[in-house]
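There are 2 protein chains.
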Amino acid sequence: MTPSKDEKKHQLFLGLFIHSVKLGELKYFHNTAVFVDRSGNIVAIEPQCDLKKAEEVVFPKLGWKGGDVVVTAAEEGQFFFPGFIDTHVHAPQYPNVGIFGKSTLLDWLNTYTFPMEASLSSLPKAHRVYTRCIRRTLAHGTTTAAYYATIHVPSTNLLADLCLSMGQRAFIGRICMDNLGPDYYVDESADQSLKLTQESIEHIKAIDPSYALISPILTPRFAPACSVDAMTRLGALHRETGLPVQTHISENVNEVQLVRDMFPDCEHYAGVYDTYGLLTKKTILAHAIHLSNDEADLIACRGAKIAHCPCSNSALTSGEAYVRWLLNKRIALGLGTDMSGGYSPSILEAARQAALVSNHRAMPAGKWADLPAEERERAKLSVEEVLHLATRGGAEVVGLGDKIGGFEVGMQWDAQLIGLGVVDETVDEEDVGDHGNVDVFGWEKWDERVAKWLFNGDDRNVKKVWVRGRLVHERVR
Amino acid sequence: MTPSKDEKKHQLFLGLFIHSVKLGELKYFHNTAVFVDRSGNIVAIEPQCDLKKAEEVVFPKLGWKGGDVVVTAAEEGQFFFPGFIDTHVHAPQYPNVGIFGKSTLLDWLNTYTFPMEASLSSLPKAHRVYTRCIRRTLAHGTTTAAYYATIHVPSTNLLADLCLSMGQRAFIGRICMDNLGPDYYVDESADQSLKLTQESIEHIKAIDPSYALISPILTPRFAPACSVDAMTRLGALHRETGLPVQTHISENVNEVQLVRDMFPDCEHYAGVYDTYGLLTKKTILAHAIHLSNDEADLIACRGAKIAHCPCSNSALTSGEAYVRWLLNKRIALGLGTDMSGGYSPSILEAARQAALVSNHRAMPAGKWADLPAEERERAKLSVEEVLHLATRGGAEVVGLGDKIGGFEVGMQWDAQLIGLGVVDETVDEEDVGDHGNVDVFGWEKWDERVAKWLFNGDDRNVKKVWVRGRLVHERVR
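If you read the protein sequences in the order shown, they are chains A and B. Be aware that the first sequence starts at 2, since it is given in my numbering, and climbs by one per residue. Be aware that the second sequence starts at 2, since it is given in my numbering, and climbs by one per residue.
Take a look at the structure:
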């Protein structure tokens, strides 16, 4: 995608805007105008406003002139939606999506994951894989991603460069793993872990000094893969720099047991991270399936966030995270594709599976069969709730709750234009292009259209994508 | 789709063919030629055969002349796969896909399903809905579908007409429900149920006398919706005509309880159908989630078949069917989309969800936590297994195991041509068209490509579809 020549102009967006105002409540702004300045900030929102009113009433207030403004109007049936936020994704594993057989976490790492990640020491291969991964996720409406890269600094830096040039907002983590990795793919020492991490931070500082689009993120792979020394020093670096942290927690029962065996002095898995200063309000914990109540309370107390990855958890037979329980503890929670534990590049698919997996928690024949039906029922996540997690929830998880995830004055324009297919027998489909599998017959209410989009939508419905006001993806047909 | 002018010619297919030979084993025929005669039958399969060898060696044996043969060659990276078989789908519910909220079976029926089905008494509406449903399912590679229509004869007959003209192999069932339905949508009496069923059978007999493409199927909605009189007489009709039967069983725990209350003299749900002569080797039972061991044994003993509908079962919080257990009892089992309990028109999606739901059965924290890990693990269905269920398994369920579901001499050419996307940075994507989300980097083995297709494939990968040799769907780009 070539940067638009218009990107330094003010922008006006007209039509229907849908966003989540709070967990479980989508709001629909019909016939609305959103004004985005040259820096990509939303500076005004005007209800019941068409182009004429925008030009006559709002432009003068903003000091804008008509010719300087790029206008994008949603067509009938289209709507603007906040960009999706992928709170947990391994870019180097992208080529392995769908390839996991019947493996579970620990054998999956050794069979599929470490060999692929190790091979990304090759910069040409990394270029090919990362370019494709970013292009795909952008095409699915992912405007922000919290990426794990590999242990290699050059290809990690390349991932940062590519996100910057392709315009995807990203957190880029060089993976720290100086323990238990295979011989061919492991940091030599805690010293090296820290040194290489620092190099990757310096690179990002050089290409995006204010971290406006790209931020480093400290990335101890997971407790079993890090020495006590490495974790201690990463904890210190976290405290000193204020950079965010991402890692895994309690994904798989064998992993949980491994942590128990390796850290007998810590009360539990969350306690390990807490001991080393890695459990703070800037920590993103992926999975969090098999947490004890004490662990969840500690996470809540520390203000750490959770990346829920239902596609991955079902694919690797990891378990069913109890999202409602975590939300009730007021833990911030977003969605992650977790490619390639997760099989899909799409956060819409993650949202869909989050709803379905929450239903599995509510099934009468499950572990929770003895609970009263009403309590089981409460586990279920609605369409509105999972779309909240995909946007506002994710924004909070990556520490950008005040900047992205919704349409509000003062926020940045990270958005997608969604178009659904209309069943019209009078139109030749070959003329109108491929709008995917969402079929709108015309009688559906808007909440029903959104439900249809959640359950059958794909990248064909994502017509345009913007990050900080810049058009970063557009479907040709 | 206009019928191809070539449909009455012999056909030669060249390239890679993949099909399931038995549960869990896909076979790959590279550089192979498949010869299909004018009637759509596979008359020869020749390994290591290109066009030249086909013309020189095989055509003479078959008495074919070159000019009379239409040749379709799979491109590099494409493959032929048997058409998918949807063993359980409600065509009139198609407009409701994705719309179910947090409902479960019994309230879902009243809130969403009965009103929609009732509205299809309108023939123009039925025409619009059914055309779209057939077009969509064909586009996803569904060559055979076991359809539930509505209680209305004219629109049921229209569904049969449309399947015939659009070329989809189909079982068409007018729904019998003379009990418990809402006032606005119910058969007046058992007499009427039988009379209208007969009318629909007569219509199909008139348009496709040998049931070569379209067959009637007796369709008591489910036990609670049918009077004893209706079920008794449908059982007799089944015995007299030999027509297949389709119905629902044990989808939801409240439904199971309802059946227990309504039929106190029957031992269990399966026993109800058995009592009325509706549990035979020509019966397709949808769902079968909460069966007792005795019930499953009775189903196995009677040779009845099961349509597993994982998308629906997760969406309506119905439960997790224990597929491995049913397969071990040697019950024939296929996949159903169960639109619109299921949210997707795609059997590939059903196969994907069948794999994921089987993983949920295997999760350590579930109901089955006390089982030994090895036994839980056995619940998991592999890529090869779910693709078997989508093709051969489905064929057996609809009673066409000797005709469709694989590539064998004597079978009919119900097939799809699958193409995956290739990651090639030297090619302008706008030139090569949209090949969907499956990204092949080139180093993947064929079983890995198939896994990628299962987990990220969609209708964009379905390039062409044939039923009985007739080209019934082709992607323009």
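Backbone N, C-alpha and C fix where the C-beta goes; we use that ideal spot for every residue, glycine too.
When you check each C-beta in the segment 448–467 of chain A against every C-beta of chain B, which residues fall closer than 8 Å? Glu-449, Ala-452, Lys-453, Trp-454, Leu-455, Phe-456, Asn-457, Asp-459, Asp-460, Arg-461
Same chain, Cβ closer than 7 Å to A/Asn-158, five either side skipped, listed in chain order: Ser-201, His-204
Between A/Leu-357, A/Leu-139, A/His-389, which lies nearest to B/Gly-343 when the distance is taken from Cα to Cα? A/Leu-357
Would you mind listing the beta strand (DSSP E) stretches within the segment 238–273 of chain B that are 3+ residues and don't spill past its ends, in chain order? 246–250
Three or more C-beta pairs below 8 Å linking the segment 249–260 of chain A and the segment 273–290 of chain A: yes
Could you give the first and the last residue of the continuous beta strand (DSSP E) run that contains B/Asp-188? No beta strand (DSSP E) contains B/Asp-188, which DSSP labels as neither H nor E.
Do A/Val-59 and A/Glu-77 count as a contact pair if the criterion is CB distance below 8 Å? no
Find the nearest neighbour of B/Arg-331 within the set B/Ala-301, B/Pro-96, B/Ser-190, B/Gly-16, judged by alpha-carbon distance. B/Ala-301
Flag A/Phe-60 as yes if its beta-carbon sits less than 8 Å from any beta-carbon of chain B, otherwise no. no
Go ahead and label A/Gly-458 buried or exposed: buried means 16 or more other beta carbons lie within 10 angstroms of its beta carbon, across all protein chains shown. buried
To the nearest angstrom, report how far apart A/Ala-74 and A/Phe-18 are at their CA atoms. 11 Å
Which chain B residues are close to A/Ile-250, counting only those with a beta carbon under 8 Å from its beta carbon? By Cβ distance, chain B contributes nothing, its closest Cβ being about 16 Å from A/Ile-250, past 8 Å.
By a C-beta neighbour count over all protein chains shown, 10 Å radius and 16 as the cutoff for buried, is A/Val-477 buried or exposed? exposed
Using the three-state DSSP reduction, which class does A/Gln-49 fall into: helix, strand or coil? coil
By the DSSP assignment, the beta strand (DSSP E) with A/Leu-32 in it spans what residues? Contrary to the premise, residue 32 of chain A reads as Asn rather than Leu in this sequence. From DSSP, the beta strand (DSSP E) with A/Asn-32 extends over 26–37.
Whose Cβ in chain B lies nearer than 7 Å to the Cβ of A/Arg-133? Val-424, Asp-440
Own chain residues within Cβ distance below 6 Å of B/Gly-406, not counting five before or after: Pro-83, Thr-392, Arg-393, Ala-396
Determine whether the beta carbon atoms of A/Gln-417 and A/Arg-469 lie at a separation below 8 Å. no
Among the candidates B/Leu-317, B/Ala-207, B/Arg-234, whose CA atom is the shortest distance from the CA of B/Trp-109? B/Leu-317
Can you tell me whether B/Gln-49 is buried or exposed? The criterion is at least 16 other CB atoms within 10 Å of its CB, across all chains shown. exposed
Candidates B/Lys-206, B/Leu-235, B/Ser-315: closest to B/Lys-196 by CA position: B/Leu-235
Would you decide whether B/Ala-146 is buried or exposed? Buried here means 16 or more other CB atoms lie within 10 Å of its CB. buried
Short Cβ contact (8 Å threshold) for A/Trp-454 with A/Tyr-29: no
Go ahead and label B/Leu-163 buried or exposed: buried means 16 or more other beta carbons lie within 10 angstroms of its beta carbon, across all protein chains shown. buried
Delimiting residues of the beta strand (DSSP E) encompassing A/Ser-21: 11–23
CA-CA distance, B/Val-90 and B/Gly-337? 6 Å
Run through DSSP, which three-state label would B/Asp-460 get? helix
Please report the residue range of the alpha helix (DSSP H) in which A/Val-154 lies. 154–167
How about B/Ala-363 and B/Glu-386: are their beta carbons less than 8 Å apart? no
By how many angstroms is the C-alpha of B/Arg-222 removed from the C-alpha of B/Gly-182? 10 Å
Taking the beta strand (DSSP E) that B/Val-287 falls in, what are its first and last residues? As written in the sequence, residue 287 of chain B is Ala, which differs from the Val given in the question. Per DSSP, B/Ala-287 belongs to the beta strand (DSSP E) from 284–288.
Ignore the nearest five residues each way along the sequence and tell me which others in B/Val-72's own chain have a CB closer than 6 Å to its CB. Leu-13
Do the CB positions of B/Cys-177 and B/Ser-194 come within less than 8 Å of each other? yes
State the CB to CB distance for the pair B/Ala-322 and B/Asn-314, rounded to an integer number of angstroms; the pair is presumed to be in contact (CB under 8 Å). 6 Å
Test: A/Thr-3 CB closer than 8 Å to a CB of chain B: With a pLDDT of 44 at A/Thr-3, under the threshold of 50, the modelled position of that residue is not reliable, and the figure given next carries that caveat. Output row for A/Thr-3: interface = no.
Report buried or exposed for A/Asn-294, applying the criterion of at least 16 other Cβ atoms within 10 angstroms of its Cβ. exposed
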